[in-house]
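Here the sequence shown is numbered in my numbering, starting from 72 and rising by one per residue. In what follows, a single structure is set out as structure tokens and then discussed.
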Amino acid sequence: MFIGGYVSSAGLGLTCPEWPLCPNGIMPNEEYFIEWTHRLIAATTGALVIATTVGSWINKNAGRKIRFTSTFASTLVVTQITLGALVIDLKLHAVLVAIHLGVGILLFSMVLLTTLFAFRITKKPIESTV
């Protein structure tokens, strides 16, 4: 979200006008570097979110809350990728940019909830040593 906000606020959203790759292909030159970095981080994050969902469904000990939030996060990742492509294709249409940001915030929330549910520490009663 931070690099996406930077790309947007710096006016660099269309520095790489093609999707999914920039005109130079996989490795960009300095002209496309910031937008390419945004796409690389987004793709890496998306792969990790989807891997978390797969892991939560494979792990029999994963709770219902973890499965729900991670599955919802994966759905949002696919939505976010689609919106990102549309934002580029439609030359930064303001409504789509706002929706892209909103889905990003919701995605962040689901990833945070998944993490909190996964690392929930059960409270044990304090035993007296007397």
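All C-beta atoms in this analysis are idealised placements derived from N, C-alpha and C, irrespective of residue type, glycine included.
What distance in whole Å lies between the Cβ atoms of T86 and Y103, which are believed to be in contact at a cut-off of 8 Å?
-> Going by Cβ atoms, the distance from Y103 to T86 rounds to 6 Å, so yes, they are a contact pair.
Counterpart residues of C93 in DSSP-defined beta bridges = Partner(s): G96.
Tell me which same chain residues have a C-beta within less than 8 Å of the C-beta of M181, skipping the five on either side of it?
-> Excluding its 5 nearest sequence neighbours in each direction, M181 has C-beta neighbours in its own chain below 8 Å: T140, S141, F143, A144 and L147, listed in chain order.
Tell me which same chain residues have a C-beta within less than 8 Å of the C-beta of G84, skipping the five on either side of it?
-> So the qualifying residues of the chain are V78, E106, V158, I159, L163 and V168.
Alpha carbon to alpha carbon, what distance is there between G175 and I129?
-> The alpha-carbon atoms of I129 and G175 are separated by roughly 26 Å.
Should R110 be labelled buried (16 or more other beta-carbon atoms within 10 Å of its own) or exposed?
-> R110 should be labelled buried.
Report all residues from its chain with a CB closer than 8 Å to the CB of N95; omit the five preceding and five following residues, and keep chain order.
-> Answer for N95: Y103, listed in chain order.
Which whole-angstrom value describes the C-beta separation of I282 and F188, a residue pair presumed to lie in contact below a C-beta threshold of 8 Å?
-> Nothing can be reported for residue 282, as the shown portion of the chain is limited to 72 through 201.
Count the other C-beta atoms from every protein chain shown that fall within 10 angstroms of the C-beta of G134, then say buried if there are 16 or more, exposed otherwise.
-> Exposed, by the Cβ-count rule.
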